[in-house]
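Here is the structure we will look at.
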Amino acid sequence: MLRESLVRLRHAVAGWSLRARLLSGFAVLLLLTLTADGISLLSQRHAQRAMNDFLNGDNRIAELTADARAELLRARRSEKDFLLRVREYGWEEARARYATLLQDQLAGLGRAMAEVRSLTRDPAVAAEAADVHNAAQQYEKGFLLVVELYGRLGRRDAGLEGRMLQSAQALEALLQDSPAPLPMLLLQLRRAEKNFILLHTRIPADRFEALASQLQAAMAQAALAPAQRQELLRLAGDYQRSFADYVAVEAAIDEACQRYLAAAHTVEPLLDRLALRAAAADQATHTMLDDLGRATQWAVAASALVALLLGTAVVLRVGRGIDRALRACMHFAGRVAAGDLQARLPVQDRSELGSMAASLNRMADALQKAQADQAEQAAELRRVNRTLRVLSQCNETLVRATDEAELVQLICRHVVEMGGYRLAWVGEARHDPRRSIAPLALAGVDKDYVDGLALSWDDAAQRHGIAGAAVRDARVLLVRDIAADATLAPWHGAARERGLASCIALPLRARAGVLGVLCIYAQEVDAFDAQEIKVLTELADDLAYGIASLREAAERQRVQRQLEHQAAFDTLTGLANRVTLHARLQQSMADARRQDKRVAVMLLDLDRFKLVNDTLGHHSGDQLLCSVARRLQGSVRECDTVARLGSDEFVVLLKDIRSAADAAGVAAALLKEIAEPQVLDGCELRPAASIGVSLFPDDAQELAALLRNADTAMGHAKAAGGHRFHFFAPEMNQRVAARLALEADLRRALERGELLVHYQPQVSLRGGEVVGAEALVRWHHPRRGMVSPADFIPLAEETGLIDALGEWVLREVCRQQRQWLDQGLNVPQVGVNLSARQFRHPDLVGLVAQSLREQRLRPSLLGLEITESAAMHDVESAIATVTRLRSLGVGLSLDDFGTGYSSLSHLKRFPLDHLKIDRSFVSDLGTDPDSAAICNAVVGLAHSLGLRVVAEGVETESQMLFLRRQRCDELQGYLFSRPLPAADYAALLACGRRLPLPPAEGAALQAVA
15 MLRESLVRLR
25 HAVAGWSLRA
35 RLLSGFAVLL
45 LLTLTADGIS
55 LLSQRHAQRA
65 MNDFLNGDNR
75 IAELTADARA
85 ELLRARRSEK
95 DFLLRVREYG
105 WEEARARYAT
115 LLQDQLAGLG
125 RAMAEVRSLT
135 RDPAVAAEAA
145 DVHNAAQQYE
155 KGFLLVVELY
165 GRLGRRDAGL
175 EGRMLQSAQA
185 LEALLQDSPA
195 PLPMLLLQLR
205 RAEKNFILLH
215 TRIPADRFEA
225 LASQLQAAMA
235 QAALAPAQRQ
245 ELLRLAGDYQ
255 RSFADYVAVE
265 AAIDEACQRY
275 LAAAHTVEPL
285 LDRLALRAAA
295 ADQATHTMLD
305 DLGRATQWAV
315 AASALVALLL
325 GTAVVLRVGR
335 GIDRALRACM
345 HFAGRVAAGD
355 LQARLPVQDR
365 SELGSMAASL
375 NRMADALQKA
385 QADQAEQAAE
395 LRRVNRTLRV
405 LSQCNETLVR
415 ATDEAELVQL
425 ICRHVVEMGG
435 YRLAWVGEAR
445 HDPRRSIAPL
455 ALAGVDKDYV
465 DGLALSWDDA
475 AQRHGIAGAA
485 VRDARVLLVR
495 DIAADATLAP
505 WHGAARERGL
515 ASCIALPLRA
525 RAGVLGVLCI
535 YAQEVDAFDA
545 QEIKVLTELA
555 DDLAYGIASL
565 REAAERQRVQ
575 RQLEHQAAFD
585 TLTGLANRVT
595 LHARLQQSMA
605 DARRQDKRVA
615 VMLLDLDRFK
625 LVNDTLGHHS
635 GDQLLCSVAR
645 RLQGSVRECD
655 TVARLGSDEF
665 VVLLKDIRSA
675 ADAAGVAAAL
685 LKEIAEPQVL
695 DGCELRPAAS
705 IGVSLFPDDA
715 QELAALLRNA
725 DTAMGHAKAA
735 GGHRFHFFAP
745 EMNQRVAARL
755 ALEADLRRAL
765 ERGELLVHYQ
775 PQVSLRGGEV
785 VGAEALVRWH
795 HPRRGMVSPA
805 DFIPLAEETG
815 LIDALGEWVL
825 REVCRQQRQW
835 LDQGLNVPQV
845 GVNLSARQFR
855 HPDLVGLVAQ
865 SLREQRLRPS
875 LLGLEITESA
885 AMHDVESAIA
895 TVTRLRSLGV
905 GLSLDDFGTG
915 YSSLSHLKRF
925 PLDHLKIDRS
935 FVSDLGTDPD
945 SAAICNAVVG
955 LAHSLGLRVV
965 AEGVETESQM
975 LFLRRQRCDE
985 LQGYLFSRPL
995 PAADYAALLA
1005 CGRRLPLPPA
1015 EGAALQAVA
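Anchor point for the sequence shown: position 135 equals 149 in our numbering, and the numbering is continuous, going up by one each time.
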C-alpha cells in the first residue's frame, strides 16, 4: 500500500510546473531542518546517561581480563614445572604438587570470564569470554590427560618402564649361556629401547621392532631346550608388547600435549582481544561523549543558517538548470548542423524542457541510422576488394616459395599490410604430450601477445582458445566481439590493450590432417562478413597445400642426405666409416708420395670395453664410444681423419708428419685424453685404450698391409697390459705367427692326449689332515715340454677352446676318482675350476650330472670352483645355475674372493660351501696390514654366512700361523705341497701325511671351535 502511494505521488509531482516544484521543495526542507534540531536536543541527554553506565562496565571487564591473564600465566608455569619435575619427583608427588595447583588457577580464570559475561551487553564480548572459558577447560582437560598418561609410563621400578626392565633382566638371565648371536641381539634391543626413551623418535622404535623380530627368529632356530626356548619367546613377546605400549603412550602424550597447547595458545590471543576491546571501548566512549556535546551545540546554532542557505541554493539551482538546458539545445543544434550525428541531449525529467530534448534526440537517431547504412555498404565493398587482393598476392607467394618459414611469414605480412588487419599469425598443431600450438610466424602487434596465448588442442577446453578449437574440430571459427566472448575471457585484457576486437581462426587442412591454424585479428567488432570468410577460407586451404608440398619436398631431401651420410659415416658416432677411411687413406698415401712425407695410421682399441657392455649395458657402452669419438676428434688437426671400423675399434689417420716422433706425441696425447674420468649411469669410469701405429711408407706400401700392421702393433700393446701404444715392427708378425702355431698345437693336444691333471692338496688348519684337493690342468708339449698354464689358458679362453678343455678336465677328474675308489683309497673331495664361459654354458648342469653317472661317483666327492667375477656377471642367472648344481649334491666354492665386485646382498643368496681367499691377499700377509685386515674380514664374513674358508697360495709358516689365529678353516699352497701328478697324490693319501701344527695353538683352536 505504501509503495503504491509513493508511486502515485511521484507521478503527480512529475506533472508540476517548475515553480510548484521549487516552493514545495523549500517547504519540505525547512520542516526537516526544524525536526532534526528537536530530535538532537532530546536524544543528547539520554545518550549521555547510557554512555556513563556502559563506561563503568568496560572498566570492570578490563580488570577481570587482566586477572584472567595472570591466572593463565600461573597455570602455564605449573604445567611446565610438572613436565620438568615428573621424572625427578615421581608421578604421584608431581601430580599432587602441580596438577591440583593448575586446576585452582584455571578455576579462577573461569570465574573471571563468568563475571565478564554477566557485565557485558555486547554479544561479541560475551562470546569471546565464553570462548576463553571453553579453551581453558580444553587446556585443563588435555593437561590432566597428559598427567594420567605419565602415570602409565612410570619409572624404572613401576609402570611400563618397570615392566620392560623386568622382561629384559629375565631375558639376560636366561641367555647367559646361550649361543653368541642371542645376547648380542638382546644388547642391541636394550640399546634401541634406551635410544627411544631418550630421543622419542620413530627410528629407534622401528629399530626395536626389527631387532625384536630378529631375536625371536634367532631363538626359534637356536639350539635350546624346548622349555627354555618357550620361556625365552614368552619373555621376548612380553618385552616387545611392553615396548609397543610404551611407544603408544608416548605418542598419546605427544598428541595430548599438542591439543592442550593449541588450547592454551588460543586463550592468550582471546584475552588480548578482550583487553584491547575494553580499552578501545573506554576511549571511544569518552571521545563520543565529548563529540556528541559539541555536535549538539553546533547543530542547534547552525540549523537555521543551513535552512536559509539551502533554500537559496534550491532557487539558484532551478534557475541555472533552465539556463543550462537552453544552452545545451543551442549547442546540440550547432553540432548536428556541422555533421556530428553522435550528439545527444540529456533527458532528465518529463517537464517541458525534457520533452523538447527527447524530440531532438529522435531526430538525430534517424539521421545517424541513414548515415550508418551508407557507411556499412561502402565498408563491406572495401573489405571484399581488400581480401581479394590479399588472396591474389598470397597465391603468387605460394607459387614462388621454397622455404616453409619464409612462406608463412610472407603470408602473415600480406594479410596485415595489404588486408589492413591488426594481427595475423600461423601456428603449428604439434603432437607433443600437451598438444600445443606453436607460433611459426606473425605480423602486426608485438610477438609477446601471441607467445602468451599458450594454446593447446587437447581435451582441456579452457586452454583451446579459438585456435585450439579450430584445430581440434577442423572447422572455421569466428568471434565477432572478443570482449563479449566468454571462451576468450583469459585473453580479454591483453586483446583490449592491443586493440583487438574480433578474430577468425582458419584450420590448415591437408591430406594428413590439420597441420595448424591461421588466425587473423581485426580492430573492429564484427569485422568479418560471409563473403570475406569465404575468401579467407580459400586462402587457408591454399596455404595448407603449400606447407604440405614444401614439407614433402624437404622430407625427400632429408632422406637423400641421410642415405648419403650413412654410406660414408658411422651411424652411432658420426665418424668416417671404413669406406670413407679407405678413400681418404688412398688420397693421403698418394699425396705423401708426391710430397715425400709420411702418413701415420693409428688403430685404437678400448681396453675392457666388453666389461662395460656386460656390467652397465650396451646403452652405456654406446655412450662411451660416442665420448671417445668426441675426444679423438678434439685431439687431432682438422686435416686428420678419425674413423670407426666397428665395435670399439677406431682409426686415426695423420697426414703430413715428418717422423715417428710426431706420431708418438699424438698417440700419447690421445691416451691421456681418453683416460680422463667419465660418468656413465652414475658410475665414474677411467677409460683406457691400446694403440698400434703403422707408418707409410716405412712399414707398408699398400693400404691393406698398412692397416694390418697397425692391428698387429695394437695387439702387442694390449698384450703388454694395455693403455699404451706400440709402433709396428717386423718381429711382431713373427710373434703372431707363433701364437697361431700355439693355438693349433693346443687344438691337437686335446686330440692327442697331451693334457694332464695335477692335484694340489687342501689341508685342515684344525687337525692338519688332507680334506680336499684342487684339480689343475697341465700341458706336456712333445717339443716344448711343459707349457705354463699362464700361456695356454688365456689362449683357450680367447679362442673358445676353454669349453672343450673344461669338459675334458671334469670327465678326467671323475674318472680318476673312480679309479682311486676302486683301489680302496679314502678319497676326499676334488675341486674343478669352471671358467666364466663354461659356467654360462646352458648345459653345464647336464654335463656335470652325466659325468657323475658315467663313473658312478657320489656327488659329494666332486667340487666346482666358480670365480667371483663369473658369478657376478649376471647375478640372477648365476644364482639359478648354482642352485641347480647344488641340487645335484656337488660341493660349491667361490674362487678368488675379494678380486671381483660381489656384494653381501648377492653373496648370501648363493648356496655355497667354501670361500677361497685369493693368493694376492695371502702373499702380503707379513708386509701389508691391509691384506691382513681383508683376510680377517673375509673369514668373519664367511663364518657369519655358514661357509668354510680356504686360503690359497700359503707358502710360509708365518702365513699359516696368522690364518690359524683368524680361525681360517683350510689352506692350500706350497707350504704343504705343490700340485702333484695323480700317482703322487694317491701315494700322499695312502700314507696319511699331515701338516705339522704347533700343539698348543692346535689345542686352543680346538677349544675355541
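For glycine and all other residues, C-beta sits at the position ideal for the given N, C-alpha and C. If you're wondering where the values come from, they're calculated on a predicted model, not measured in any experiment.
Between P873 and S901, the alpha-carbon positions lie close to 10 angstroms from each other. Restricting attention to beta strand (DSSP E) runs no shorter than 3 residues, the region 917-967 encloses them at 928-931 and 962-966, ordered along the chain. Across the set F741, Y112, D118 and I75, the C-alpha of D118 shows the shortest separation from the C-alpha of E85. Burial state of K732 is buried, judged by a 10 Å Cβ sphere holding 16 or more other Cβ atoms.
Each residue's CA atom was taken as its position, placing A497 and C408 some 30 angstroms apart. About 18 angstroms separates the beta carbon of G786 from that of Q869, a gap too long to meet the 8 angstroms contact definition.
Of the residues assessed, R83 falls on the buried side of the cut-off, its CB having 16 or more other CB atoms within 10 angstroms. The residue among S470, A457 and L1009 with its C-alpha nearest the C-alpha of R444 is S470. According to the DSSP secondary-structure assignment, H794 is paired through a beta bridge with M800. P808 sits in a helix when the DSSP states are folded into three classes.
Relative to the Cα of A597, the nearest Cα in the group L717, L589 and V493 belongs to L717. Here DSSP, grouped into helix, strand and coil, assigns V841 to coil. Under the DSSP assignment, W439 falls in the beta strand (DSSP E) whose first and last residues are L437 to A443. Contact holds between the region 446-455 and the region 412-432, because three or more Cβ pairs, one in each stretch, are under 8 angstroms apart. With a 10 Å radius around the Cβ and a threshold of 16 neighbouring Cβ atoms, Q190 comes out exposed.
The Cβ-Cβ distance between V771 and A789 falls below 8 angstroms.
In the pairwise beta carbon analysis, the region 972-991 is classified as touching the region 924-939: at least three pairs are separated by under 8 angstroms. Where I518 is concerned, the enclosing beta strand (DSSP E) starts and stops at S516 to A524. For G458, the enclosing beta strand (DSSP E) covers residues I451 to G458.
Rounded to the nearest angstrom, the Cβ distance from I425 to V490 is 17 angstroms, too far for a contact under 8 angstroms. Excluding sequence positions up to five before and after L899, its CB lies within less than 7 angstroms of the CB of V859, V862, L878 and L906, all in the same chain and listed in chain order. Beta-bridge partners of E663 (DSSP): D619 and G660. For L764 and L819, the gap between their C-alpha atoms comes out near 7 angstroms.
Within the same chain, A277, T280, V281 and L284 come within 7 angstroms of A149 by CB-CB distance, once the 5 residues on both sides are set aside.
Here M800 is exposed, its C-beta having fewer than 16 other C-beta atoms within 10 Å.
The region 136-155 makes no contact with the region 210-230, as fewer than three CB pairs between them are under 8 angstroms. For the options A743, S227 and G814, the alpha carbon positioned closest to that of A724 is the one of A743. The residue among Q254, A758 and A714 with its C-alpha nearest the C-alpha of R607 is A714.
The beta carbon of L185 sits closer than 7 angstroms to the beta carbons of L200, L246, L249, A250 and Y253 from its chain, once the five residues preceding and following it are set aside; these are given in chain order. In the DSSP assignment, D836 falls within the unbroken alpha helix (DSSP H) covering I816 to D836. Non-local beta-carbon contacts of L405 in its own chain, meaning distances under 6 angstroms to residues more than five positions away in sequence, involve V549 and L553 in chain order. Taking the Cα positions, Y463 is about 30 angstroms away from A526.
Counting along the chain, the unbroken alpha helix (DSSP H) around Y153 starts and ends at P137 to L167. In the displayed model, S708 falls within a strand according to three-state DSSP. In the structure shown, Q986 falls within a strand segment according to DSSP collapsed to helix, strand and coil. Non-local C-beta neighbours of R829 in its own chain, meaning closer than 7 angstroms and more than five positions away in sequence, comprise Q869, ordered along the chain.
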